[in-house]
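Inspection log for the structure reproduced underneath, given as structure tokens.
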Amino acid sequence: MWDRNEMAARAAKEIRDGMYVNLGIGIPTLVSNFIPKNLDVTLQSENGMLGMGPFPKERYVDPDLINAGKQTITELDKTSYFSSADSFAMIRGGHIDMAILGAMEVSENGDLANWMIPGKLVKGMGGAMDLVSGVKRVIVIMDHTNKKGDSKLLKKCTLPLTGRGVVDSLITNYGMFEIISEGIKIIEIADGASLEQIKAATEGNLVI
Amino acid sequence: MWDRNEMAARAAKEIRDGMYVNLGIGIPTLVSNFIPKNLDVTLQSENGMLGMGPFPKERYVDPDLINAGKQTITELDKTSYFSSADSFAMIRGGHIDMAILGAMEVSENGDLANWMIPGKLVKGMGGAMDLVSGVKRVIVIMDHTNKKGDSKLLKKCTLPLTGRGVVDSLITNYGMFEIISEGIKIIEIADGASLEQIKAATEGNLVI
Amino acid sequence: MNKVFPSAQEALDGLVFDGMKIAAGGFGLCGIPEELIAAIKLLKVKNLVIASNNAGVDDFGIGILLETRQVKKMISSYVGENAEFMRQYLSGELELEFNPQGTLAERMRAGGAGIPGFYTKTGVGTIIAEGKEHKEFNGISYILEEAFVADLAIVKAWKGDPEGNLVYRKTARNFNPNAATCGKTCIAEVEEIVPVGSLDPDHIHTPGIFVNRIIQGEHEKRVENMTLTE
Amino acid sequence: MNKVFPSAQEALDGLVFDGMKIAAGGFGLCGIPEELIAAIKLLKVKNLVIASNNAGVDDFGIGILLETRQVKKMISSYVGENAEFMRQYLSGELELEFNPQGTLAERMRAGGAGIPGFYTKTGVGTIIAEGKEHKEFNGISYILEEAFVADLAIVKAWKGDPEGNLVYRKTARNFNPNAATCGKTCIAEVEEIVPVGSLDPDHIHTPGIFVNRIIQGEHEKRVENMTLTE
């Protein structure tokens, strides 16, 4: 069973040298801690920045320098800034190689729900809908089941969608999966997890 | 009868303080010589410049600094540069107050033909179609008749159009006109020209 | 041209009315037109329709206009930081139109660029696409999104000159250049008004043509989510 | 990342093929990718479809590819400066698609921005609108224009760094930033490659993500229409 950091580390293994990557809020943000130092990877932040650096030391905090999670960050030598319209031109236009996002539900055909619980949570989709429809490869990191133990890998999402057929790969506490035309294909099983456990916790069609 | 310079001078009288103006190639370029010095007018050049200065002295010629007529020019303190897409966003979006353009034909309902003679002249419309459809007020400067003495103010244009119903005002060697719903209204008759002369030289419906 | 006004309230004079549409720059609390928002609050205009990526927090940013019930409708992509917003929305006092962030930015750009509508894949197959025209290009389905044009755009820049030329700083740029173009009028507030000619013409982000009035302000620049290393 | 290539020809290696679509920056002879055009000529690829605002002159710019009959079709707004172009076009050897200048620039931007089509008033009621979808917004008629996506974009900038970040100079910017975004691959030629970190991140015109390869070149920068005062 993978914990948050192990899931992030597994996602980081998908990143290749030279990639431009957008990391979502939450566990995806942790991924940057696990990108091997020898890889030259550029992080995009959809509020208008390419080449995102680490969080600042206190004396370098700059209110004009935040990421899409509104966290204070730093810039790098290669950094560039641009407007929101230009940022989403970059995203929508397919120039970002990979987006790593959190999710509430994923269906066996790659539908993604991660922005709204009707009547409960009214926050908004932010840039998530643009990212999933524009970025070349979308990887979701989420727990395999919800707090009640129900599967989050479903035949069909029950929540309002963020995008239809947009998820390429999925990393949960139970392992790594890929969405293929037949369903959710198991790529790797986490240490301490079993195939039986995954079967029991997965509502959507599993391909073994 | 107005000559080229007098037509340009008459057009300049339409320019108000604070305006952003785009001047076409040919006689319209001369208009800038007649803008009163006490007016603060900003010239846009559609290849990506706001705040166009005069032609340079030889030692200041810069191949990276040209106007839409590919002429060498200079910049001013207020100048800014931008991309072609941004330049035409400005034009198409209605942010330019006035465009002054040349023409081959204008019809009584304000249709403009100024870019193509089928089988003869294959140059292209450049930015003219964008300008006439986007700019708040379009003023045309042209000779009233062609070399054969035929009217260029027509009931209907014979040449391929640059825009339909786009001309607001018209300055010819015979005077100044406005396109209103009833036709071509005479605003001012040039010194030395007569109403009879204008009537004889105008095919489109004149409103006196 | 001298577009400088002495204060936010004077810059707003004659430009505000009940029911007006406003486009505001800013992302979270970063790069927001603080002084103009505060002045709009003082002017007590009502039933505002505001396009802004976020709705501020309860006591800062657009949030202060929610507190006074001046806002009828928000067009935003994310409003999760504002408890008063949630309350008014869930009780039906406030209308909300969610736009995907990129769609909102592009709608503003389109509004300023004379493009009444554009197609995007963003939102296809979601509730965002409901009731919108669908069209296929090369076998892929897209939806039509319409331009947003505001009665007034309010933006925050770093430096500006009396001609209205603006330069933004770091991620405080965000929606500001796009919002600036889509207003029938635009007021910019800047940290520093510099003399004409002191901004590099190659590096002006918003050419003065888009800006009608400009003020120099004092900015709190509140940090929403301080996150440090170590 | 180091995207620097030693020469235009090496930068083009593996990226050119007969019948390919190319988007080129430049306006007139200003800000054109001189060395890349020259290298494409040497590589002898044929049946090119080139989107470029102008077609150069007979012996400079895109003109040199017309001379060698490498171009099948031009997509341009103005080609009045090129006699060989006229000859090939009028004899039916060369296809020509006229786009209004703003429509061409926006088609490139849209191609890079994942926007397959947009509506514009430009060209309504003219031959440009023939066969295009018309749609009304608020009672006004607009036409649908489609995005342009190129196999390769070739652009010229003033300075660039090994990450591919670009800065343009004065009106040599023109179509370059838009062309750069619409290529499946993009090669930039610059007057000077500077170390990463030496370009101000607030003032980079084309972020490196759009640029795959970059070369430093020697540029003639020919003046097309020398016009002097006095």
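Protein chains in written order, with our numbering: chain A, 1 to 208; chain B, 1001 to 1208; chain C, 2001 to 2230; chain D, 3001 to 3230.
Beta carbons are placed, not taken as given, at the ideal position from N, Cα and C, and that holds for glycine.
Check                                                                                                                                   : Outcome
Short CB-CB distance (under 9 angstroms) between I35 (chain A) and chain D                                                              : no
Closer than 9 angstroms to chain C by CB, R1092 (chain B)                                                                               : yes
Interface residues of chain C facing F1055 (chain B) [CB-CB closer than 9 angstroms]                                                    : Result: empty, since nearest Cβ-Cβ is about 18 angstroms, beyond 9 angstroms.
Inter-stretch contact at 8 angstroms, needing at least 3 Cβ pairs: the segment 2179-2197 of chain C / the segment 2141-2161 of chain C  : yes
Proximity to Y1081 (chain B) [Cα-Cα], best of C:M2020, C:L2199, C:E2010, C:L2043                                                        : C:L2199
Unbroken stretches of the alpha helix (DSSP H), 4 residues or longer, contained in the segment 1117-1163 of chain B                     : 1128-1134
Three-state secondary structure (DSSP) of V167 (chain A)                                                                                : coil
Where R2069 (chain C) falls: helix, strand or coil (DSSP)                                                                               : coil
Rounded straight-line distance, which links the Cα of P2006 (chain C) to that of D1017 (chain B)                                        : 22 angstroms
is_contact[A1099 (chain B), chain G] using C-beta, thresh 9 angstroms                                                                   : This model lacks chain G altogether; the protein chains it does include are A, B, C and D.
Interface positions of the segment 3049-3070 of chain D facing chain B (Cβ-Cβ less than 9 angstroms), listed along the chain            : N3053, N3054
Minimum C-alpha distance to P2100 (chain C) - residue among A:I186, A:M98, A:R92                                                        : A:R92
Short Cβ contact (9 angstroms threshold) for M142 (chain A) with A201 (chain A)                                                         : no
CA nearest to the CA of G1048 (chain B), picked from D:R3222, D:G3197, D:A3083, D:R3169                                                 : D:R3169
Below-9 angstroms beta-carbon distance, F3118 (chain D) vs any chain C residue                                                          : yes
Contacting positions in the segment 2187-2208 of chain C - beta carbon closer than 7 angstroms to chain B                               : V2196, G2197, P2201, D2202, I2204, P2207, G2208
Chain C residues whose Cβ lies nearer than 9 angstroms to that of F3137 (chain D)                                                       : P2116, G2117, E2146, A2147
DSSP beta-bridge partners of N3225 (chain D)                                                                                            : B:Q1071
Members of the segment 3028-3047 of chain D near chain B, C-beta cut-off 8 angstroms                                                    : G3028, L3029, C3030, G3031
Rounded separation between S1107 (chain B) and I2128 (chain C) - CA only                                                                : 45 angstroms
Validate contact between the segment 143-151 of chain A and the segment 110-121 of chain A using beta carbons, cut 8 angstroms, 3 pairs : no
C-beta contact flag for L2166 (chain C) and V2196 (chain C) at 9 angstroms                                                              : no
Contact under 9 angstroms by Cβ, L39 (chain A) with I15 (chain A)                                                                       : yes
Short-range partners of chain B found in the segment 3004-3015 of chain D, where Cβ spacing is below 7 angstroms                        : none
Chain B residues whose Cβ lies nearer than 9 angstroms to that of M2108 (chain C)                                                       : Within 9 angstroms Cβ-Cβ: nothing; M2108 (chain C) doesn't reach chain B, min ~11 angstroms.
8 angstroms CB neighbourhood of M1001 (chain B) in its chain, flanking five on each side removed                                        : N1173, Y1174, A1190, D1191, G1192, A1193
N-terminal and C-terminal residue of the alpha helix (DSSP H) that Y2089 (chain C) is part of                                           : 2083-2090
Cβ neighbour criterion (16 or more within 10 Å) applied to S1181 (chain B)                                                              : exposed
Neighbouring residues, chain A, relative to A1951 (chain C) (Cβ below 8 angstroms)                                                      : Residue 1951 (chain C) is absent from the structure shown; chain C starts at 2001 and stops at 2230.
Burial state of S3077 (chain D) (16 or more Cβ within 10 Å)                                                                             : buried
Against chain C: residues of the segment 129-142 of chain A by CB proximity under 9 angstroms                                           : M129, D130, L131, V132, S133, G134
Own chain partners of A3147 (chain D) with C-beta closer than 7 angstroms, once the 5 adjacent residues on each side are dropped        : R3107, A3110, G3111, I3115, P3116, G3117
Whole-Å CB distance - I3064 (chain D) paired with A3038 (chain D), under 8 angstroms assumed                                            : 7 angstroms
3-residue-minimum beta strand (DSSP E) runs that sit fully inside the segment 2089-2122 of chain C, ordered along the chain             : 2095-2098, 2117-2120
Exposure of I2143 (chain C), with buried meaning 16 or more beta-carbon neighbours within 10 Å                                          : buried
Neighbour-count burial assignment, H2134 (chain C), 16 or more Cβ in a 10 Å radius                                                      : exposed
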